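Structure first, then comments.
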Amino acid sequence: MNNWRRLEDEAAMLAFGASLGQRFPSGGLITLHGDLGAGKTTLTRGLLRELGHAGNVKSPTYTLVEPYHLQGRDIYHFDLYRLGDPEELEFMGMRDYLRPDALCLVEWPEKAGGWLPEPDLRVHLRHCGTAREVLLELINY
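Using the working numbering, the first residue of the sequence shown is number -12, and each one after it goes up by one.
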(Lines of atoms letter the chains of each structure in order from A and count residues from 1; the text may use other names and numbers.)
(Lines give C-alpha, C1' and ligand atoms only; values in the text may rest on other atoms or scores of the structure.)
Protein backbone atom coordinates (compact mmCIF):
# COMPACT_ATOMS: atom_id res chain seq x y z
CA MET A 1 0.00 0.00 0.00
CA ASN A 2 1.25 3.45 -0.81
CA ASN A 3 -1.72 5.55 0.30
CA TRP A 4 -2.14 7.16 3.69
CA ARG A 5 -5.15 5.76 5.54
CA ARG A 6 -7.01 7.97 8.01
CA LEU A 7 -7.77 6.58 11.49
CA GLU A 8 -10.27 8.80 13.27
CA ASP A 9 -9.72 7.76 16.90
CA GLU A 10 -8.04 5.40 19.35
CA ALA A 11 -10.54 2.63 18.62
CA ALA A 12 -9.63 2.79 14.92
CA MET A 13 -5.90 2.60 15.76
CA LEU A 14 -6.51 -0.41 18.03
CA ALA A 15 -8.48 -2.14 15.26
CA PHE A 16 -5.74 -1.38 12.76
CA GLY A 17 -3.14 -2.87 15.12
CA ALA A 18 -5.34 -5.96 15.52
CA SER A 19 -5.42 -6.39 11.74
CA LEU A 20 -1.61 -6.36 11.65
CA GLY A 21 -1.51 -9.12 14.26
CA GLN A 22 -3.49 -11.32 11.89
CA ARG A 23 -1.01 -10.70 9.06
CA PHE A 24 1.94 -12.10 11.02
CA PRO A 25 0.95 -15.60 12.17
CA SER A 26 4.59 -16.48 12.91
CA GLY A 27 7.58 -14.17 13.20
CA GLY A 28 8.54 -10.91 11.62
CA LEU A 29 10.01 -7.47 12.14
CA ILE A 30 7.69 -4.45 12.11
CA THR A 31 9.18 -0.99 12.51
CA LEU A 32 6.98 1.85 13.75
CA HIS A 33 7.80 5.37 12.58
CA GLY A 34 6.21 8.61 13.75
CA ASP A 35 6.45 11.55 16.10
CA LEU A 36 5.71 11.38 19.81
CA GLY A 37 2.02 10.69 20.34
CA ALA A 38 1.44 9.48 16.77
CA GLY A 39 0.00 6.16 17.97
CA LYS A 40 2.87 3.66 17.85
CA THR A 41 2.14 2.18 21.28
CA THR A 42 -1.62 2.25 20.71
CA LEU A 43 -1.17 0.30 17.48
CA THR A 44 1.01 -2.21 19.36
CA ARG A 45 -1.65 -2.51 22.07
CA GLY A 46 -4.24 -3.41 19.41
CA LEU A 47 -1.95 -6.06 17.95
CA LEU A 48 -1.19 -7.58 21.35
CA ARG A 49 -4.86 -7.62 22.38
CA GLU A 50 -5.75 -9.38 19.13
CA LEU A 51 -3.24 -12.07 20.07
CA GLY A 52 -4.77 -12.51 23.53
CA HIS A 53 -2.94 -10.09 25.84
CA ALA A 54 -5.39 -8.79 28.44
CA GLY A 55 -3.06 -6.65 30.57
CA ASN A 56 -1.72 -3.14 30.19
CA VAL A 57 0.57 -2.29 27.30
CA LYS A 58 2.97 0.52 27.93
CA SER A 59 5.84 1.76 25.87
CA PRO A 60 9.11 0.25 27.13
CA THR A 61 10.85 3.62 26.95
CA TYR A 62 13.20 2.99 29.88
CA THR A 63 13.55 -0.81 29.67
CA LEU A 64 13.91 -0.78 25.84
CA VAL A 65 12.02 -4.07 25.47
CA GLU A 66 8.85 -5.63 26.84
CA PRO A 67 8.46 -9.37 26.15
CA TYR A 68 5.13 -11.16 25.68
CA HIS A 69 4.39 -14.85 25.18
CA LEU A 70 1.04 -15.22 23.41
CA GLN A 71 -0.50 -18.09 21.52
CA GLY A 72 2.68 -20.11 21.88
CA ARG A 73 4.99 -17.52 20.42
CA ASP A 74 7.28 -14.75 21.52
CA ILE A 75 6.50 -11.12 20.77
CA TYR A 76 8.88 -8.31 21.68
CA HIS A 77 7.93 -4.64 21.85
CA PHE A 78 10.93 -2.32 21.64
CA ASP A 79 11.09 1.42 22.18
CA LEU A 80 14.47 2.83 21.16
CA TYR A 81 13.62 6.48 21.84
CA ARG A 82 16.09 6.74 24.72
CA LEU A 83 18.78 4.58 23.15
CA GLY A 84 22.08 6.41 23.65
CA ASP A 85 24.20 4.47 21.18
CA PRO A 86 23.26 1.76 18.67
CA GLU A 87 25.97 -0.46 20.16
CA GLU A 88 23.76 -0.81 23.24
CA LEU A 89 21.61 -3.13 21.12
CA GLU A 90 24.52 -5.55 20.89
CA PHE A 91 25.05 -5.44 24.66
CA MET A 92 21.38 -6.15 25.35
CA GLY A 93 21.45 -9.18 23.04
CA MET A 94 19.21 -7.76 20.33
CA ARG A 95 20.25 -10.46 17.86
CA ASP A 96 18.74 -13.07 20.18
CA TYR A 97 15.35 -11.36 19.92
CA LEU A 98 15.39 -11.14 16.11
CA ARG A 99 14.63 -14.82 15.57
CA PRO A 100 12.56 -16.00 12.60
CA ASP A 101 9.90 -17.35 14.97
CA ALA A 102 9.59 -14.14 17.04
CA LEU A 103 7.49 -11.11 16.18
CA CYS A 104 9.35 -7.87 16.96
CA LEU A 105 7.76 -4.42 16.95
CA VAL A 106 10.27 -1.58 17.12
CA GLU A 107 9.38 2.03 17.90
CA TRP A 108 11.96 4.64 16.87
CA PRO A 109 14.02 2.24 14.69
CA GLU A 110 16.03 5.15 13.28
CA LYS A 111 17.79 5.31 16.69
CA ALA A 112 19.35 1.92 15.85
CA GLY A 113 21.62 3.65 13.33
CA GLY A 114 21.28 0.94 10.67
CA TRP A 115 21.89 -1.85 13.18
CA LEU A 116 18.51 -3.50 12.56
CA PRO A 117 17.92 -5.74 9.54
CA GLU A 118 15.40 -4.71 6.89
CA PRO A 119 11.93 -5.03 8.38
CA ASP A 120 9.11 -7.07 6.92
CA LEU A 121 6.86 -4.06 7.32
CA ARG A 122 7.38 -0.36 8.00
CA VAL A 123 4.43 1.44 9.54
CA HIS A 124 4.49 5.23 9.23
CA LEU A 125 2.15 7.22 11.49
CA ARG A 126 1.44 10.93 11.52
CA HIS A 127 -0.84 13.41 13.23
CA CYS A 128 -3.75 14.74 11.21
CA GLY A 129 -5.60 17.10 13.55
CA THR A 130 -7.17 14.89 16.21
CA ALA A 131 -6.99 11.87 13.90
CA ARG A 132 -3.96 9.90 12.73
CA GLU A 133 -2.86 8.71 9.33
CA VAL A 134 -1.01 5.48 8.65
CA LEU A 135 1.03 4.30 5.69
CA LEU A 136 2.24 0.73 5.28
CA GLU A 137 5.47 -0.01 3.45
CA LEU A 138 5.86 -3.72 2.75
CA ILE A 139 9.49 -4.74 2.54
CA ASN A 140 9.94 -8.48 3.12
CA TYR A 141 6.34 -9.58 3.40
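Virtual Cβ for every residue (Gly too), placed ideally from N, Cα, C. These figures come from a predicted structure and were not determined experimentally.
Shortest alpha-carbon distance to residue i belongs to which of the options?
{"i": "Leu23", "options": "Leu112, Ile126, Ala118, Pro104", "result": "Leu112"}
{"i": "Leu90", "options": "Trp(-9), Glu(-5), Arg10", "result": "Arg10"}
{"i": "Leu125", "options": "Leu51, Ala25, Ala41, Glu105", "result": "Glu105"}
{"i": "Val121", "options": "Leu67, Phe78, Gly14, Leu19", "result": "Leu19"}
{"i": "Gly147", "options": "Gln58, Thr48, Ser46", "result": "Only positions -12 to 128 of the chain appear in this structure, which leaves residue 147 out of reach."}
{"i": "Val133", "options": "Met0, Glu(-5), Arg69", "result": "Residue numbering for the chain in the displayed model covers -12 to 128; residue 133 lies beyond these limits and cannot be assessed."}
{"i": "Thr28", "options": "Thr48, Ala41, Pro12, Glu97", "result": "Thr48"}
{"i": "Glu97", "options": "Pro73, Ala118, Leu30", "result": "Pro73"}
{"i": "Thr117", "options": "Arg69, Gly42, Leu51, Glu(-3)", "result": "Glu(-3)"}
{"i": "Lys45", "options": "Cys115, His114, Asp66", "result": "Asp66"}
{"i": "Gly101", "options": "Glu75, His114, Cys115", "result": "Glu75"}
{"i": "His136", "options": "Ser13, Gly4, Phe3", "result": "Since the first residue shown for the chain is -12 and the last is 128, residue 136 is missing from the structure and cannot be characterised."}
{"i": "Ala99", "options": "Gly15, Asn(-10), Met79", "result": "Met79"}
{"i": "Trp129", "options": "Met81, Asp83, Arg69, Leu85", "result": "Nothing can be reported for residue 129, as the shown portion of the chain is limited to -12 through 128."}
{"i": "Glu77", "options": "Glu53, Pro87, Leu103, Asp88", "result": "Leu103"}
{"i": "Asp107", "options": "His114, Val93, Cys115", "result": "Val93"}
{"i": "His114", "options": "Ala41, Gly21, Arg86, Arg82", "result": "Gly21"}
{"i": "Tyr84", "options": "Gly71, Gly26, Ile17", "result": "Ile17"}
Looking at the strands, I want to know which residues DSSP matches up with residue i.
{"i": "Gly15", "result": "Leu90"}
{"i": "Glu120", "result": "Arg(-7), Arg113"}
{"i": "Val52", "result": "Phe65"}
{"i": "Arg60", "result": "Leu57"}
{"i": "His20", "result": "His111"}
{"i": "Leu125", "result": "Leu108"}
Output the boundary residues of the beta strand (DSSP E) element that contains residue i.
{"i": "Asp83", "result": "No beta strand (DSSP E) contains Asp83, which is instead part of the alpha helix (DSSP H) from 81 to 84."}
If you follow the alpha helix (DSSP H) that residue i is in, where does it begin and where does it stop?
{"i": "Glu75", "result": "74 to 78"}
{"i": "Leu7", "result": "-3 to 10"}
{"i": "Leu30", "result": "27 to 37"}
Any chance the stretch 25 to 42 sits against the stretch 52 to 68, with 3 or more Cβ pairs inside 8 Å? yes
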